[in-house]
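Numbering (my numbering), first residue to last: 113 to 677. Backbone N, C-alpha and C fix where the C-beta goes; we use that ideal spot for every residue, glycine too. This one's a predicted model, so the numbers in the text were calculated from it and none came from an experiment. Data block below; observations after.
This is how it looks when you write it as structure tokens:
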């Protein structure tokens, strides 16, 4: 297909960014084209972004996509304000065939044109980061600055990263090649061969409540960049950020001369279970999902016609053996436990501490001293309500609130949760973390009929200070946890090369991402696009990593055409 002038312009505009992204996924250095400071977007960006968000409240979110058979929406901000937005509800029998019909032109445009269109979508989203920040804040409960950064530039980085990997994998094979096989005295056998990346079909992206853009963009852009139409099915409580994304994508696709129905929105009615319905449709050939283990397992077992990428639940663990910066360790862990009220798939849950204590630069510390000092560090960090609100955000749903309330039934409370009043949003539920003491004696966690509570994910600001007999016992418990439950993150503190090697071996063998001795401004629950891998795809917490070649390579197949030369 001849390149559309608009597409050619987009390639010229975005090729330098794509080239830099390709270089950075090779070097693993720090880089981002998306500023993470709100002031970088200009003096008018903040008030205009807030006004744009406010203008969406109480309206119908028009998309002009085919197959709309009604309107639905049930979002209520975790900060207590009413959104009142309704979205088009799809008739899959109408929408999915239209999306499939859009494939040929998008497929034939080629990897470079697709990448350029994807980068233009991301650029336009980036220009509206303030608006998106309010949308993320009032659907996920993240505090504004976190919603701005994680829901804005960091999510956009992850989308760009996926495009870079997609482009690299699609262009690994040349588009055409001559082939000549010598035949001795006879003329050689000669063929001309072409190779084209062919998409699998419609991709279904099932969004999550807590990080709708950060977790959603990798799959969305990986599928779109490899030629697949994407049907975006948001979490019912977090529709707006992804609906805005779909609107921008459709506008860019249409302007570039492609069918806007390459990207569409699917919002379900209350209790409809639309994700299950769509996941089993024969047109759906790729599924990206972030959420509960139960539904992730169901998708893997039942959506057999599709390539399924899941990020599910895990039990994130930190081994505390020793440290040469006790104050730095406590501060780092306190921040990690508090950020976004622990409502991150990467937040530490189990802190494994030898019951005889640890060695530190501040002298030997008993198990009880470590636990008490960590509780004190959290209290000190969150003692000021203004700082607490800025770090904690709001509790995203009643289920998380229920786990906080039930935590004292799981063991002795080392750190009690308290309610924090939000000065701007009195209807917000803001709670500080709770930490419970637990006994990790081997006989307890080896008994199949008596699994302790800390061996199940307790999503939210609930952590367990687990007393273990020794550091080797802690590493064995870590292994068991990784093997049976999985983890998105593992942390460890030690001054011993031998212990460091034990932990590293456990993570290599059980395929988990490890952070060692973090005491500064980098935290175990944060990852940087282009450099860090989010998840590994090698333990039960997730079957994919964001982002690596495996995350994109099976979203397309290469079809070869041979011709007699």
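Can you list, in chain order, the residues of its chain whose CB lies under 7 angstroms from that of residue 113, leaving out five sequence neighbours each side?
Summary for residue 113: the model assigns pLDDT 44, below 50, so the residue's position carries little reliability; its value from the coordinates is reported in the next sentence. So the qualifying residues of the chain are 217, 220, 221.
Nearest-angstrom Cα separation, counted from residue 656 out to residue 403
13 angstroms
When you compare the CB of residue 601 with every CB in chain C, is at least one pair closer than 9 angstroms?
No chain C is part of this structure, which consists of one protein chain only.
For residue 574, count the other beta carbons within 10 Å of its own beta carbon; 16 or more makes it buried, fewer makes it exposed. Which is it?
Taking all protein chains in view, the Cβ of residue 574 is crowded by 16 or more other Cβ atoms within 10 Å, so the residue is classified as buried.
Between the Cα of residue 459 and the Cα atoms of 480, 647, 642, which residue gives the shortest distance?
647
Contact belief for residue 185 with residue 199 at Cβ below 8 angstroms, rounded distance in angstroms
5 angstroms
Can you tell me the Cα-Cα spacing of residue 406 and residue 290, whole angstroms?
Their backbone Cα atoms lie some 50 angstroms apart in a straight line.
Determine the direct distance from the alpha carbon of residue 275 to that of residue 226, and round the result to whole angstroms.
9 angstroms
Looking at C-beta atoms only, is the number of pairs between the segment 452-471 and the segment 637-653 that lie closer than 8 angstroms three or more?
yes
Report buried or exposed for residue 345, applying the criterion of at least 16 other Cβ atoms within 10 angstroms of its Cβ.
buried
Residue 603: first and last residue of the uninterrupted alpha helix (DSSP H) it sits in
Where residue 603 is concerned, there is no enclosing alpha helix (DSSP H), although the beta strand (DSSP E) it sits in stretches over 602-605.
Compare the Cα-Cα distances from residue 310 to each of 327, 287, 316 and report the closest residue.
287
In this structure, how does DSSP classify residue 182 when only helix, strand and coil are distinguished?
strand
Which whole-angstrom value is the C-beta distance of residue 364 and residue 229, which I expect to be below 8 angstroms?
6 angstroms
Can you tell which of 268, 663, 577, 380 has its C-alpha closest to the C-alpha of residue 201?
380
Taking just the CA atoms, how far does residue 526 sit from residue 483?
7 angstroms
Beta-carbon proximity of residue 606 to residue 628, cut-off 9 angstroms
Cβ atoms of residue 606 and residue 628: closer than 9 angstroms.
How do the segment 145-154 and the segment 246-266 stand: do at least 3 beta-carbon pairs fall below 8 angstroms, yes or no?
yes
Should residue 424 go down as buried or exposed, given a rule of 16 or more other Cβ atoms within 10 Å for buried?
buried
Between 172, 421, 603, 485, which lies nearest to residue 429 when the distance is taken from Cα to Cα?
603
In whole angstroms, what is the alpha-carbon distance linking residue 732 and residue 301?
The chain is shown only over 113 to 677; residue 732 falls outside these bounds and no answer can be derived.
Neighbourhood of residue 654 by C-beta distance below 8 angstroms, restricted to the same chain and skipping five residues each side
422, 423, 424, 426, 598, 600, 647, 648
Option nearest residue 255 by Cα separation, candidates 585, 437, 645, 190:
190
Cβ contact check for the segment 540-556 and the segment 509-524: 3 or more pairs under 8 angstroms:
Look at the beta carbons and you see the segment 540-556 touching the segment 509-524: at least three pairs across the two are nearer than 8 angstroms.
Inter-stretch contact (C-beta, 8 angstroms, three-pair minimum) for the segment 468-476 and the segment 435-442:
Contact between the segment 468-476 and the segment 435-442 is present, because at least three Cβ pairs lie under 8 angstroms.
I'd like to confirm something about residue 290: is its beta-carbon nearer than 8 angstroms to some heavy atom of the ligand FAD, or not?
Questions concerning the ligand FAD fall outside what the structure shown contains, since it holds no ligand whatsoever.
Excluding five sequence neighbours on each side, which residues of the same chain lie with their C-beta closer than 7 angstroms to the C-beta of residue 248?
Only 254, 259, 263, 324, 325, 353 meet the Cβ criterion.
Presumed contact (8 angstroms Cβ cut-off) between residue 419 and residue 666, rounded CB distance:
5 angstroms
9 angstroms Cβ cutoff met for residue 414 and residue 378
no
Among 271, 411, 485, which has the Cα closest to the Cα of residue 361?
271
Spatial neighbours of residue 120 within its chain, please: C-beta separation below 6 angstroms, excluding the five flanking residues on both sides.
none
Nearest to residue 457 by alpha carbon, out of 316, 569, 146, 564?
569
Taking only three categories from DSSP, how would you classify residue 447?
helix
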